[in-house]
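Structure record follows, encoded as structure tokens.
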Amino acid sequence: MREFRYRRPTDVDEAVALLDADPDAAYLAGGTNLVDLMKLGVQRPDLLVDVNRLPLGGVEPLPEGGLRVGATVRNSELAAHPVVRRDYPVLARALLAAASGQVRNMATTAGNLLQRTRCFYFQDTGKACNKRDPGSGCAARHGQNRELAILDWSEECVATHPSDLAVALAALDAVVEVAEPEGTRDVPFVELHRSPGEHPERETTLRRGALITAVRIPPLPAARRSAYLKVRDRASFAFAVGSVAAVLDLDGDVVRDVRLAYGAVAHRPWRAYRAEAELRGRPFTPELAGQAADAELAAARPLRHNGFKVPLIRAVTVRALTELAESRR
Amino acid sequence: MSAGAVGRAHPRLEGPEKVTGTARYAVEYPLEDVTYGWAVPAAAVRGRITRIDPDPALAVPGVLAVLHHGNAPRLSPDVEPELYLLQDPAVHYRGQLVALVVAESIEAAREGARQVRIDYDTEPHSTVLTADHPGLYRPEKVNPSYPTDTSEGDFDAAFDAAEVRVDATYRTPAYHNNPMEPHATTAQWRDGRLLVHDSNQGSTAVQAALAELFGIPRDSVRVISEHVGGGFGSKGYPKAAVVLASLAARQVDRPVRLALTRQQLFGPIGYRTPTIQRVRLGSDADGRIAAICHDAISQTSTITEFAEQTAVYTRSMYAAPHRRTTHRLVRLDVPTPFWMRAPGECPGAYALESAMDELASACGIDPIELRVRNEPTVDPDQGHPFSSRNLVACLIRGARRFGWGDRDPRPGARREGRWLVGTGVAGASYPARARASAATATALPDGGYLVRINATDIGTGARTALWQIAADALDVPPERVTIRIGDSDLPPAGVAGGSMGTASWSWALTRACQELRDRLGHHSGSLPPEGLTVAASTADEIRAQKPMARYAYGAHFVEVRVDAETGEVRVSRMLGVFAVGRVVNPTTARSQLIGGMTMGISMALHEEGLLDERYGDWVNHDFATYHIAGCADVEQIEAEWVAEEDSDLNPTGVKGLGEIGIVGSAAAIANAVRHATGVRVRDLPIRLEKLAGSSSFT
Amino acid sequence: MQNRSGSASIAGDERSSRVAFTVNGDRRELTLDNRTTLLDTLREHLGLIGAKKGCDHGQCGSCTVLLEGRRVKSCLIFAVTLDDCSITTVEGLAGPDRLSPLQEAFVAQDAFQCGYCTPGQLCSARGVLDELAEGWPSAVTEDLTGVVRPTDAEIRERMAGNLCRCGAYPHIVAAIRETAGER
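Protein chains in written order, with UniProt numbering: chain G, 1 to 329; chain E, 1 to 698; chain X, 1 to 183.
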């Protein structure tokens, strides 16, 4: 690990200015991913700007409904929040399915969203990875890629986004509040992460130095019936092999609204708009859920070792929606 | 023997230290002026180092030295090729430890290691084991000294003539031992003497190897291993860390702490070889086996030959007049495989006990009944009598306790909600052996006793069990006995491995204690201040043992549930019933057996070294990507044992517990998965996508 | 985000920081390389060897300690960030004269073998007991808005971040359940 300078700014502007001034600087929040990557030599910042003590904590109900979650709210704190548990089970479930109790006590809301892929090749500086080392190639494309993308990958990168929380936020149409040197702005959550394309080293649409200060979750009464199903290789403490976040709003048998997002299938949390369109306005049946998943997954291009993810995501989609539909009856 | 400590449950003697964080492991001894080592892995697979540039590393603040083949102290080349470290520029596998940075801090050492520049001349490499690899050869023997191949009768003819035939190939991947404490050493030289605190399974062997490597007398080396954070075979012989730390301490003339990183435990310290195993069973319609054949393929390295005894399990497990076993090896450009919990028996039993289940299905008979029908009366391999053989007793007791009798044998017949439920059984055996050891027993003037032996407690409970055994042998309450282990200054003893620890050590201790009692019986007057000490060694006695088939046995019963849609597998229940001779301490015995079974769950469902042949190493070299079973994976698990008196073993009548818990366990899980889903998984681990054929997976 | 240049160019006085925090009730003040993790601080600078280094990457749980009463992985925290914080390690779990009930239960249940993961298991278990008492849900809690009970399934899930290669899991669960019952 490279030596680094350490700063602990007291306000957001100072933090943003510090990052903006140093191309090798990085924000440090929970550290659960950054410290790991620094030890591996994957990230080598020369300055760490500690944002943990910025006034970015707290979970506030918003006047118009919904929640505003501070960037440094720990994952465990958010999962235990009574409003989250009552109004957004999909969010609580996604948080609780992630990592371990210790990591959830450390990891922050914003840090979770900006965590980096767990692709083997990205994490090993001895192996080719365009994301880590642009232009070096993608060893995963024809390597051990069982865990990696089936959708929207490029020849340059087949990585997946590892977050569970992000999948739930994609389904909930969250909004990210961002501080930049020029001021603050809102970014729709589904626009936060990028497709890999030719530049997998660029993972978000944020400019360098931008600091996520909060995540707003809009009111969505239907989310009281929502689910996050995560399939993994160990009963707990494992990244998803595939996951589905679902919100289902039925009017009688007819799908009034539905939100679906997939995890561990693409470079970004994958909002399944095509599947949603298939479902909306039609009487819900498990068969329809399967057709909807098929519509979404028609674009899937499995890699050598992950073809199983297509039927897996389909099956989990059907299960998630069917269980929600049945819970309404 | 009226004290009766043996057989009684007792908490571990070192329990209070372990729960308060005061038990010291290898790199936890307070030291002045300590430095830190960090090993540098080779980035080439096969070839040689053409140039090492240590300067960027030496420029890192705090870095003191970079050791490599060009400057490291010389070692004897005659000890063990694996330990001939930093002596020549040859690279035999990716990840080979080819340099060592020593620094004032861990932080500087880590960064220094990253900055060492190494150039290589590389050659094409081969790192993947295949059944048709052109390099396949027949080794002279397999570990530790078994014949490579065996044959009796006419297997081919009997198999061809059999009414029911099973011919299946099973594959197991590379498994990595992953003790929680990495291989770690603190080394210091003082006046030509070497003192190391080291994490190993037997410091007598470490002492001997270091003395030979550095060309110094054995008594100039002291190895202390008071507490060891697990080994599972990987610390059964000195490995890289202790040699590198000793080299570095000599070079910088300061104490060096070196712990390998978790990533470095995937290779340089050994691993369980991948296997490809073809098993053929031919029987009559009633399941009586006429022909049995087990052909095993595994890998070794270009450094030294390690020939795992994968098919040896099949030689003695079930009766059949016509039998054959073979072993073939390939030298690949990989790290040398090494011992991992029940080397040979563990993967071998997965294959044979799976094949037995396939035969039971093919014959339409119960898999327990099949095993009972093929129970041998003498060892089918050597013809020797069994010292005791209670496999059937384990099966019968287990069947009753598990509720096997109600089982509907049809696969895929039981569904509970989203879950397909199935049960499976497998047999298990592991040799009960002993190694020569020495011990002393001392009667002290204050009425206490001190027993000393260089045993190692790697978590087995050996310290406590030996203390109980010594108390009984001395016929005194255990509270009057003090035991000292884990120091090469103590009487030499064999490693904690091969399920031989307690058998070997208790033998020597018992003889010393018995002799001391005799001497005390003839002693009059008070004892001298230093007490009265007698020493015993068991070398002659063990050599004189009559040939017999000595084995521990076991039976695993497993219930799994498999998600009918996702293929996720959970082990709902696991019961192991074992015949392990006398159980010294039921508390620690149960823990050890459950631990082996848990590692079996891990093997069956989780563990798999994923090799990338382009790079020549395992890409999943950490705990996030190489999964081992976690707390949530172990639901209901129980181990128990049948009463067994075996007077042909050793004075205490113990068989060893370290390996038998894992042998057969993965097969029992695979058999249960097959019962639940109808899918037979012949290549571990049982990943969810392999169950895509189960009933409603679409 | 990445920088592939070598190390250099950080002025000596900027490489390290003065930091003060409380460990097991004792105030500690020291100057540390900014890169030093809490785990290495405890083990190499404060002589507290209880917290263990099993993986150094947050993947095994052996280094678990309590930070402001919450269980965390000390290998993933730079000590420099901990000014004025309060840390409890396994060395701080016992009372002055006797083991805590949790430690006693671990010994009685034989909830460890080699003992290397044990300090992390204990600190994690301490955190779990508090999280249960506060009603925090887990991935296996059926009713997110209901009462949380210390069932075996709950304890197994909550302890999943602490690996034990010896396989003491069922005994660890039993020890925690027993301790939870006492509260």
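Backbone N, C-alpha and C fix where the C-beta goes; we use that ideal spot for every residue, glycine too.
Quantities reported herein were computed from a predicted structural model and do not represent experimental measurements.
Determine whether the Cβ of residue i lies closer than 8 Å to any Cβ atom of chain X.
{"i": "E:Asp215", "result": "Note on residue identity: the sequence assigns Gly, not Asp, to residue 215 of chain E. Not closer than 8 Å to any Cβ of chain X, the Cβ of E:Gly215 fails to qualify, so no."}
{"i": "G:Gly101", "result": "yes"}
{"i": "E:Ala107", "result": "According to the sequence as given, residue 107 of chain E is Glu; it is not Ala. Chain X contact via Cβ: present."}
{"i": "E:Lys18", "result": "yes"}
{"i": "E:Ala259", "result": "yes"}
{"i": "E:Ala320", "result": "no"}
{"i": "E:Thr460", "result": "yes"}
{"i": "E:Met1", "result": "Because the pLDDT of E:Met1 is 42, which lies under 50, any placement of that residue in the model is unreliable, and the number read from its coordinates should be weighed accordingly. So no, E:Met1 is outside the interface."}
Cβ of residue i less than 8 Å from any chain E Cβ?
{"i": "G:Pro9", "result": "no"}
{"i": "G:Thr189", "result": "It should be noted that the sequence gives Phe, not Thr, for residue 189 of chain G. It does not; no Cβ of chain E falls within 8 Å."}
{"i": "G:Gly41", "result": "yes"}
{"i": "X:Gly20", "result": "The sequence given here places Ala at residue 20 of chain X; Gly does not occur at that position. Taking Cβ atoms only, chain E never reaches closer than 8 Å to X:Ala20, which makes this a no."}
Spell out whether any CB of chain G is found under 8 Å from the CB atom of residue i.
{"i": "X:Ser124", "result": "yes"}
{"i": "E:Thr698", "result": "Bear in mind that the predicted position of E:Thr698 carries a pLDDT of just 36, short of 50, making it unreliable; the figure below should be weighed with that in mind. Yes, contact with chain G."}
{"i": "E:Glu565", "result": "yes"}
Spell out the partners DSSP gives residue i in its beta bridges.
{"i": "E:Leu67", "result": "E:Leu100"}
{"i": "X:Ala20", "result": "X:Glu29"}
{"i": "E:Gly576", "result": "E:His556, E:Ala639"}
{"i": "G:Glu180", "result": "G:Gly183"}
{"i": "G:Asp257", "result": "G:Asp249"}
{"i": "G:Pro61", "result": "G:Leu67"}
{"i": "E:Asp119", "result": "E:Arg51"}
{"i": "E:Asp612", "result": "E:Asp617"}
{"i": "G:Leu48", "result": "G:Tyr6, G:Ala26"}
{"i": "E:Glu152", "result": "E:Arg323"}
Would you report the Cα separation of residue i and residue j, rounded to the nearest angstrom?
{"i": "E:Arg280", "j": "E:Val679", "result": "19 Å"}
{"i": "G:Gly66", "j": "G:Arg216", "result": "7 Å"}
{"i": "E:Ala512", "j": "E:Ala26", "result": "29 Å"}
{"i": "G:Arg5", "j": "X:Cys85", "result": "20 Å"}
{"i": "E:Asp563", "j": "G:Pro311", "result": "14 Å"}
{"i": "G:Val255", "j": "G:Glu203", "result": "34 Å"}
{"i": "X:Gln59", "j": "X:Ser138", "result": "19 Å"}
{"i": "G:Tyr228", "j": "G:Leu172", "result": "12 Å"}
{"i": "X:Leu99", "j": "G:Gly101", "result": "24 Å"}
{"i": "E:Asn200", "j": "G:Leu151", "result": "47 Å"}
{"i": "E:Thr185", "j": "E:Leu13", "result": "24 Å"}
{"i": "E:Arg373", "j": "E:Gly287", "result": "7 Å"}
{"i": "E:Ala248", "j": "X:Ile77", "result": "29 Å"}
{"i": "E:Gly282", "j": "E:Val560", "result": "29 Å"}
{"i": "E:Gly498", "j": "E:Lys239", "result": "18 Å"}
{"i": "E:Thr310", "j": "E:Pro547", "result": "22 Å"}
{"i": "E:Gln468", "j": "E:Gly521", "result": "22 Å"}
{"i": "E:Ile483", "j": "E:Glu212", "result": "29 Å"}
{"i": "E:Val19", "j": "E:Leu593", "result": "22 Å"}
{"i": "E:Pro321", "j": "E:Ala161", "result": "13 Å"}
Could you tell me which of the options sits nearest to residue i, measuring between CA atoms?
{"i": "E:Gly167", "options": "E:Tyr271, E:Leu359, E:Pro478", "result": "Checking the displayed sequence, the identity of residue 167 of chain E turns out to be Asp instead of Gly. Measuring from the Cα of E:Asp167, the nearest candidate turns out to be E:Leu359."}
{"i": "G:Ala79", "options": "G:Leu62, G:Glu64, G:Thr109", "result": "G:Thr109"}
{"i": "E:Asp253", "options": "E:Glu104, E:Pro217, E:Ala351", "result": "E:Glu104"}
{"i": "X:Thr31", "options": "X:Ala125, X:Gly61, X:Ser74, X:Arg18", "result": "X:Arg18"}
{"i": "E:Ser292", "options": "E:Ile118, E:Ile52, E:Ser665, E:Ala157", "result": "For clarity, residue 292 of chain E is Ile in the given sequence; the question names Ser instead. Measuring from the Cα of E:Ile292, the nearest candidate turns out to be E:Ala157."}
{"i": "E:Ser572", "options": "E:Ala668, E:Asp646, E:Gly596, E:Val663", "result": "E:Ala668"}
{"i": "E:Ala670", "options": "E:Pro30, E:His523, E:Arg582, E:Pro685", "result": "E:Pro685"}
When you measure from the CB of residue i to every non-hydrogen atom of the ligand ADP, does any distance come out below 7 Å?
{"i": "E:Asp633", "result": "The ligand ADP is absent from the structure shown, which contains no ligand whatsoever."}
Give a yes or no on whether the minimum CB-CB distance between residue i and chain C is below 8 Å.
{"i": "E:Asp119", "result": "Of the chains in the structure shown, none is chain C; the protein chains are G, E and X."}
>> So within the region 339-420 of chain E, which uninterrupted beta strand (DSSP E) runs reach at least 3 residues, ignoring any that extend past its ends?
In response: 386-388
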